[in-house]
Amino acid sequence: MKTIEINTDVKVSRIIIGDSLKNLSSYIPGGKAIIITDATLFRIYGKDFPPFPVIVMGLGESHKTLETLAYIFERLIEYEADRSTFIIAIGGGIVCDVAGFAASVYMRGLQFGFVSTTLLSQVDASVGGKNGVNFLGYKNMLGVFNQPEFVLVDTGMLQTLDQREFRSGFAEIVKAAAIKDASLFSYLENHHLDALENKSSVMEKLIYEAVLIKSQVVQQDEKEKGERKKLNFGHTFAHAIERKTGMLHGEAVSIGMTLAAAFSVKLGFLQQSESDRISQILSNLKLPTTWESNCSDLVSDMKKDKKREGNALHMVFLKHIGNALIEKISFNQLEKLSYDLC
Ligand SMILES: NC(=O)c1ccc[n+]([C@@H]2O[C@H](COP(=O)([O-])OP(=O)(O)OC[C@H]3O[C@@H](n4cnc5c(N)ncnc54)[C@H](O)[C@@H]3O)[C@@H](O)[C@H]2O)c1
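The sequence shown maps to residues -2 to 339 in my numbering.
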């Protein structure tokens, strides 16, 4: 078991990697607690939950909404939750994003913790304190920055995860390596077969290293003023792809990173051979790197990105594997580049 701490101005958030859901009670401060989860997690793991009331939310991105929040607030009132109640989210990125937001605004904020149950949430979504919901089709349009007291990563829970969901999580590990850690990238290249088989020693290293990268970036720039933007590598494309296709987040990020690497080459930042290594590792991890629509459609959809600044966007490109840069790029420029590439 390993622990990583994120120290921000207001609290120390602990990420515990390798403990079991069965030990969850030991992390919860005394008193009242309420669990928020989804139907699948409740069915598989409900018997191992500590004995607190449970709120079960709907499955999938279509439930990451204000309506679900309203449902959670009604249940919290019904269970007489007050300022001393601790909220525990048990689930993937969707449950953690929604429950973290609910806990942050109910009665102006309750303490909360996560048990992170998908690979994607263990390496990315549950780490870093971004909580929120989608609105009018825009991803994560409403939300807050607020760190959980703890994130418990029980890697054993990955055994029950659907294979497609499991593979989707590797996209965020590739991203962490691509922007910050060339040796982690090489490790992935050398161990992708063991990773795909969920070999525990390999998975624990990958999860630990990816969380370490994210936690260091978050600690440096919690509110995403600069350095944290690098964690969005591939995501500007990915959000547009997710909106258009309903692909899983990690699948869309995989295509988004392939495009962002290709654009990095086109802009003269990155060598073609390094861009090829990125698409190769994603294919080796059985993630998609292409999609049927064309890039100019995608660029027009990117105009809906919440991070757009007038006629331009700040986008993340690569100089090398392990070294990212942030550049402001106009939609005109993007359109021209996409014309050449797709
Ligand atoms: N807050 C952030 O910083 C951040 C970062 C990246 C992604 N996200 C968000 O995360 C969301 C995606 O999260 P996700 O990929 O974890 O998907 P998810 O939360 O929808 O979980 C995927 C599916 O797997 C099931 N599941 C979860 N854990 C399981 C387990 N151990 N065994 C069996 N089934 C299990 C769930 O019930 C669900 O049906 C997106 O909304 C994305 O925007 C947030």
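Where a beta carbon is used, it is the ideal one built from N, C-alpha and C, also for glycine. Just so it is clear, the structure is predicted and the values come from calculations on it, not from any experiment.
With DSSP run on the structure shown, which of helix, strand or coil describes Val215?
-> By one-based count along the sequence shown, residue 215 stands at place 218. In the three-state reduction of the DSSP assignment, Val215 falls in the helix class, which pools H, G and I.
Distance between beta carbons of Ala122 and His33, contact taken as under 8 Å | Walking along the sequence shown from the start, residue 33 turns up at place 36. Walking along the sequence shown from the start, residue 122 turns up at place 125. The amino acid at residue 33 is misidentified as His; the sequence shows Ile. In fact, because the Cβ distance is near 15 Å, the residues do not count as touching under 8 Å.
Gly341 lies in the alpha helix (DSSP H); which residues open and close that run?
-> The requested residue 341 does not occur in the structure, where the chain is confined to residues -2 to 339.
Glu58 CB to nearest heavy atom of ligand 1 below 7 Å = Taking the sequence shown and counting its residues from 1, one reaches residue 58 at position 61. Under cutoff, so the answer is yes.
Residue from Leu66, Phe109, Ser272 with nearest C-alpha to Gly27 | As a position in the sequence shown, residue 27 is number 30, starting the count at 1. Looking only at Leu66, Phe109, Ser272, the smallest Cα-Cα distance to Gly27 is reached by Phe109.
Quick one: what does DSSP say Asp294 is sitting in, helix, strand or coil?
-> Counted from its first residue, the sequence shown places residue 294 at position 297. Helix.
In this structure, what does DSSP give as the bridge partners for Ile14?
-> Locating residue 14 in the sequence shown gives position 17, counting from the first residue. Residue pairing for Ile14: DSSP places it in a beta bridge opposite Lys(-1), Val150.
Inside the stretch 6 to 77 only - beta strand (DSSP E) runs reaching at least 3 residues = Complete beta strand (DSSP E) runs here, min 3: 9 to 14, 30 to 35, 51 to 54.
For the alpha helix (DSSP H) containing Ser280, list its first residue and its last residue.
-> The sequence position of residue 280 within the sequence shown is 283, counting from 1. 269 to 281 is the span of the alpha helix (DSSP H), which, as asked, contains Ser280.
Can you grab the Cα-Cα spacing for the pair Met104 / Thr82, in whole Å?
-> Counted from its first residue, the sequence shown places residue 104 at position 107. Counted from its first residue, the sequence shown places residue 82 at position 85. The C-alpha of Thr82 is placed about 10 Å away from the C-alpha of Met104.
Just mark Glu306 as buried or exposed, buried being the case when its beta carbon has 16 or more other beta carbons within 10 Å.
-> Here residue 306 refers to the residue found at position 309 when the sequence shown is read from its first residue. Classification of Glu306: exposed, given that the 10 Å Cβ count is below 16.
Test item: CB-CB of Val120 and Ala207 under 8 Å = Indexing the sequence shown from 1 puts residue 120 at position 123. Indexing the sequence shown from 1 puts residue 207 at position 210. Yes, the Cβ-Cβ distance between Val120 and Ala207 is below 8 Å.
Have a look at Arg342 and Gly88 and give me their C-alpha separation to the nearest angstrom.
-> In the structure as shown, the chain begins at -2 and stops at 339. Residue 342 is therefore absent and cannot be evaluated.
From Gly126 to Lys301, what distance separates their C-alpha atoms?
-> For this step, residue 126 is matched to residue 129 along the sequence shown. For this step, residue 301 is matched to residue 304 along the sequence shown. If you take the alpha carbons of Gly126 and Lys301, they lie about 24 Å apart.
Counting pairs of beta carbons, one from the stretch 143 to 158 and one from the stretch 170 to 187, are three or more of them closer than 8 Å?
-> Contact fails: fewer than three Cβ-Cβ distances are below 8 Å.
Exposed or buried, what is Ala36 when buried is set at 16 or more other beta-carbons lying within 10 Å of its beta-carbon?
-> Indexing the sequence shown from 1 puts residue 36 at position 39. With fewer than 16 other Cβ atoms inside 10 Å of its own Cβ, Ala36 counts as exposed.
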